Amino acid sequence: MNLSVNPTVTKSRGKRFQNPKSIHDSVYERLARSELFQTYQNAFLRVTGLHLTLVAAQGDGPNADDPELSQFCNKLKACGRICEGCLSASWRANGHLSALGSSQYRCFAGLTQSAVPVVAGPEIIAYLKTDRIFTRTPTEREFNDVLNGIGTRTLDSATVAALHDAFFQTTTVEADRYDSMVMLLLLFARQLTCLADSLATIIEGGEAPSITKARHFIAEHYREPLSLGCVSHEAGMSGSHFCRVFRESTGFTLTDYVNRYRIEQAKHELLKAGRRVSEIAFENGFQSLSQFNRSFSRLTGMNPSAWRERQLGQALRPEPAPVSG
């Protein structure tokens, strides 16, 4: 099921049904208002001292109005200096890279933020995002390097002093402890994903029965070869008519939808110790290891082995590069 594209209301066999964009919005709004999220949000703040927000997945570019900007970031905004590189990093973290399971990045000033996706079907509908923090105590030299990096010729002494205070008032969380916090978010995201799937099923009650039948057929037979002919026959439609209606309803071609579904199932198997990537590929309906690797990389930005390494916590996180003057 697609929850993010196609802003029109479509018809199939005379039956009007909700467009995927409205489903996307409805699921997000209900998640944000849910007792489950609000209870966890309050608990996370009490235990970690960090704010947690649920941000709708937009994917339309950098956002200078990011609600998780730190006090230091807001001071930069106030003096007209928002780093485009920082915004671009935030956008990439919230979009392409977030398909990895979680995304963590450091901005030009050395602040770290994480984004953990919440999905329904094959689509990301929201992100759990933390405050921007330091993972080690910042120094005066680093602050001066940041000032040199943004340019200080037009800043008066009061503005520099305000930036200085905000910079050193930013929360510092030891890297290992922060990683544990992100792991908690990953576990919580799984609970929200279950709730999101249930909400989407309820909300999409107006979906064309033929498309619902096709999706259920795919879920039961994704390990097998799935041709357009067999799926459209199951839906009770001609191939050409099914292609059009399926894409209008889900936002994906049949091939894209099936590949995404198979990869989501494969991700669960990749996290099991001792499972070979080639075995997982064939068990989840891919005809070759190379096909699996290509499809997986296209959707996540890395190959299955690298994705598994990242998820199991074996990848090393590089330190931020020093800002040159």
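First residue of the sequence shown: 0, per numbering that gives the first Met the number 0; consecutive thereafter.
Note that beta-carbon positions come from the ideal geometry of N, C-alpha and C, so glycine has one too.
Predicted model only: the values in this text are computed from it and were never measured.
Euclidean distance between Cα positions of residue i and residue j
{"i": "Leu30", "j": "Phe36", "result": "7 Å"}
{"i": "Thr171", "j": "Arg135", "result": "6 Å"}
{"i": "Glu268", "j": "Asn302", "result": "14 Å"}
{"i": "Ala114", "j": "Glu122", "result": "15 Å"}
{"i": "Asp175", "j": "Asp24", "result": "35 Å"}
{"i": "Val230", "j": "Leu49", "result": "47 Å"}
{"i": "Thr47", "j": "Met180", "result": "8 Å"}
{"i": "Arg105", "j": "Ala207", "result": "44 Å"}
{"i": "Ala305", "j": "Arg297", "result": "13 Å"}
{"i": "Ser289", "j": "Leu154", "result": "55 Å"}
{"i": "Thr138", "j": "Leu311", "result": "32 Å"}
{"i": "Leu75", "j": "Ala56", "result": "25 Å"}
{"i": "Thr211", "j": "Phe291", "result": "26 Å"}
{"i": "Gly148", "j": "Glu173", "result": "25 Å"}
{"i": "Ile279", "j": "Lys266", "result": "9 Å"}
{"i": "Ser156", "j": "Gly120", "result": "52 Å"}
{"i": "Arg293", "j": "Met182", "result": "28 Å"}
{"i": "Arg309", "j": "Arg189", "result": "17 Å"}
{"i": "Leu146", "j": "Gln70", "result": "16 Å"}
{"i": "Ala272", "j": "Gln264", "result": "16 Å"}
{"i": "Arg243", "j": "Glu28", "result": "29 Å"}
{"i": "Val159", "j": "Ile124", "result": "39 Å"}
{"i": "Trp90", "j": "His220", "result": "Only weak support exists for where Trp90 lies, its pLDDT of 45 falling under 50; the value from the coordinates is given anyway. Looking at the two C-alpha atoms, the distance is approximately 36 Å."}
Neighbourhood of residue i by C-beta distance below 6 Å, restricted to the same chain and skipping five residues each side
{"i": "Thr192", "result": "Val117 and Val118"}
{"i": "Tyr177", "result": "Thr134"}
{"i": "Glu83", "result": "At Glu83, the pLDDT of 48 sits below 50, so the modelled position is not reliable and the matter cannot be decided from this model."}
{"i": "Ala108", "result": "Val145"}
Beta-carbon gap between residue i and residue j smaller than 8 Å
{"i": "Phe133", "j": "Leu110", "result": "yes"}
{"i": "Gly238", "j": "Leu225", "result": "no"}
{"i": "Tyr39", "j": "Phe187", "result": "yes"}
{"i": "Met236", "j": "Ser209", "result": "yes"}
{"i": "Gln103", "j": "Lys128", "result": "no"}
{"i": "Tyr126", "j": "Val54", "result": "yes"}
{"i": "Glu233", "j": "Phe245", "result": "no"}
{"i": "Arg307", "j": "Leu253", "result": "no"}
{"i": "Phe241", "j": "Ile262", "result": "no"}
Own chain partners of residue i with C-beta closer than 7 Å, once the 5 adjacent residues on each side are dropped
{"i": "Asn33", "result": "As written in the sequence, residue 33 is Ser, which differs from the Asn given in the question. Counting only Cβ-Cβ distances below 7 Å, and skipping sequence neighbours, we find Leu194."}
{"i": "Arg222", "result": "Glu282, Asn283 and Gly284"}
{"i": "Cys72", "result": "Arg131"}
{"i": "Arg274", "result": "Glu268"}
8 Å CB neighbourhood of residue i in its chain, flanking five on each side removed
{"i": "Leu51", "result": "Tyr39, Gln40, Phe43, Leu44, Leu127, Lys128, Thr129 and Leu184"}
{"i": "Ala218", "result": "Tyr260"}
{"i": "Gln286", "result": "Pro224"}
Short CB-CB distance (under 8 Å) between residue i and chain D
{"i": "Glu308", "result": "No chain D appears in the structure shown, which is made up of a single protein chain."}
* To do: Could you tell me whether the stretch 188-197 touches the stretch 245-257, using the rule of 3 or more Cβ pairs below 8 Å?
  => no
* Asked: Do the stretch 164-174 and the stretch 136-156 meet, that is, are 3 or more Cβ pairs less than 8 Å apart?
  -> yes
* Which runs of the alpha helix (DSSP H) spanning at least 4 residues fall entirely within the stretch 233-318, listed in chain order? -> 238-249, 253-269, 276-282, 288-299 and 303-310
* Start-end ranges of the alpha helix (DSSP H) lying completely within the stretch 190-218, minimum 4 residues -> none
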